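Working notes for the structure below.
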Amino acid sequence: MPANLIFETEKFKWIDVLDLQIEEIRNISAEYDINHLLLEDCIDPNHLPKFEDLGDLKFLLTRVNTNTERLNLNTISDVSTKLGIFLKDNLILTVHRIENDVVSKLLKDLKEGKINDVNPYKIVLELAQNIFKSYEEENLILLEQMERMENEIFMKNISNATQIKRLYRFKRKVGLNQKVLNLSSEWVNSFDKLPLEAVEIKDLKDSYKDSLSDYDHLTIQTANLISMYLALSDQKANQVMKMLAIFSVYFLPITFIAGLYGMNFDNMPETHTHYGYFATLGVMVLIVIITFIYFRRKKW
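Following the numbering used here from start to finish, the sequence shown increments by one per residue and tops out at 478.
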């Protein structure tokens with residue numbers, strides 16, 4: 179898709195490029211005097227966040243949370259998408275593969291006059307704030323998912339192979355989001371080099387720290403939940419083994435008696451007694467009762 183002029187004032191233009199193709203890079207590079215290697219970084223799906231200062235041109239490669247469910251969660255591209263920002267005194271050029279709320283929400287606010295003292299650096303600051311809002315929104319969704327899983331595990335007592343797979347996917351998703359945020363520190367700190375008020379930069383850094391802290395907390399909570407789930411599964415297995423052990427103890431002595439009387443020896447008085455069979459059964463039942471009472475007193 180060609181470059182589109184989406185916002186303009188007397189002092190600067192905002193050009194947006196959606197789904198940049200390799201064959202379009204040469205034209206955009208020549209038109210806006212941007213090194214083609216930087217544009218190629220914008221189409222690399224797994225490129226890490228970074229910042230480059232080229233004097234009159236500042237380049238920020240950021241990643242926005244996509245809030246989508248993927249079958250595989252292996253790389254940061256499975257939880258985020260790139261937003262490349264080229265910044266000059268009279269130009270902003272944004273490059274992204276898919277539509278996202280970071281750009282559309284800010285564009286709506288600009289057209290409605292909700293942002294004062296509009297300039298390229300202020301717009302980039304607002305874009306950065308919206309990027310971290312995307313992670314905050316994802317954090318709330320993940321917290322709700324964790325609450326549901328905790329309820330299923332501890333209240334509804336649901337424990338199966340599907341549950342551990344869900345926990346593993348959840349852990350992977352949280353970890354990948356945390357990785358993106360950890361790698362974003364470079365471009366966040368680059369705002370110190372931009373002509374912005376210190377309080378505005380401090381507000382952005384606070385948003386970044388809040389997002390990073392949220393995912394650090396989620397990571398710890400996820401690890402604790404998995405540990406508790408495995409402990410609960412082990413406890414259930416131990417309960418099963420305990421019940422099997424108890425029943426085996428009940429039947430061990432009576433199995434011995436049954437085996438002894440099954441040897442077909444003639445020197446067994448009970449075989450010639452009218453009530454010998456019932457007496458033997460009574461002894462077996464008595465042994466089971468005594469064993470049961472003993473276990474109850476020992477609280478086993």
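For every residue, glycine included, the Cβ atom is placed at its ideal position computed from N, Cα and C.
Please read all numbers here as calculations on a predicted model, not as lab measurements.
For residue i, is the classification buried or exposed, using 16 other Cβ atoms within 10 angstroms of its Cβ as the cut-off for buried?
i, result
"GLN356", "buried"
"LEU216", "buried"
"ASN294", "exposed"
"ASN278", "buried"
"ALA306", "buried"
"HIS274", "buried"
"CYS314", "Note on residue identity: the sequence assigns Glu, not Cys, to residue 314. Looking at its Cβ environment, which holds fewer than 16 other Cβ atoms inside 10 Å, GLU314 is exposed."
"ILE467", "exposed"
"TYR453", "exposed"
"PRO223", "exposed"
"ILE193", "buried"
"SER405", "exposed"
"PHE310", "buried"
"VAL281", "buried"
Pick helix, strand or coil for residue i, following the three-state DSSP scheme.
i, result
"GLU186", "strand"
"SER411", "helix"
"ARG475", "helix"
"GLY437", "helix"
"SER480", "Nothing about residue 480 can be read from this structure; the chain reaches only from 179 to 478."
"ILE465", "helix"
"LYS292", "coil"
"GLY233", "coil"
"LEU374", "coil"
"LEU505", "This structure does not reach residue 505, given that the chain is present from 179 up to 478, and the question cannot be answered."
"ILE221", "helix"
"ILE342", "helix"
"MET261", "Correcting the residue identity first, residue 261 is Leu in this sequence and not Met. In this structure, LEU261 counts as strand in the three-state DSSP scheme."
Quick check: the Cα distance between residue i and residue j, rounded to an integer number of angstroms?
i, j, result
"LEU232", "VAL358", "24 Å"
"ILE301", "ILE221", "22 Å"
"PHE441", "ARG347", "In the sequence as displayed, the identity of residue 441 is Met instead of Phe. Taking the straight line joining both Cα atoms gives about 59 Å."
"ILE319", "HIS225", "26 Å"
"TYR472", "GLN417", "19 Å"
"THR458", "ASP412", "40 Å"
"LEU464", "LEU410", "36 Å"
"PRO373", "LYS383", "16 Å"
"GLY291", "GLU201", "36 Å"
"VAL242", "LYS343", "26 Å"
"SER391", "GLN323", "18 Å"
"ARG350", "GLU325", "17 Å"
"GLU188", "GLN341", "57 Å"
"LEU271", "ASN245", "24 Å"
"VAL296", "LEU288", "8 Å"
"ILE203", "LEU239", "16 Å"
"TYR393", "LEU361", "13 Å"
"LEU196", "PHE264", "14 Å"
"ALA401", "PRO431", "46 Å"
"MET419", "VAL427", "12 Å"
"LEU303", "LEU251", "30 Å"
"PHE185", "ASP388", "30 Å"
"ILE276", "LYS286", "17 Å"
"ALA436", "GLY353", "60 Å"
Residue i CB to nearest chain D CB: under 8 Å?
i, result
"THR397", "The structure shown contains no chain D, having only a single protein chain."
So the alpha helix (DSSP H) residue i belongs to, where does it begin and stop?
i, result
"ARG241", "Here ARG241 belongs to no alpha helix (DSSP H); instead the beta strand (DSSP E) covers 236 to 243."
"ASP161", "Past the edges of the chain, shown from 179 to 478, lies residue 161, and the structure says nothing about it."
"PRO227", "No alpha helix (DSSP H) contains PRO227, which DSSP labels as neither H nor E."
"ALA208", "203 to 210"
"ASN297", "Here ASN297 belongs to no alpha helix (DSSP H), and DSSP marks it neither H nor E."
As an exercise, report each continuous alpha helix (DSSP H) stretch of at least 4 residues that is fully enclosed by the region 303 to 333, in chain order.
none
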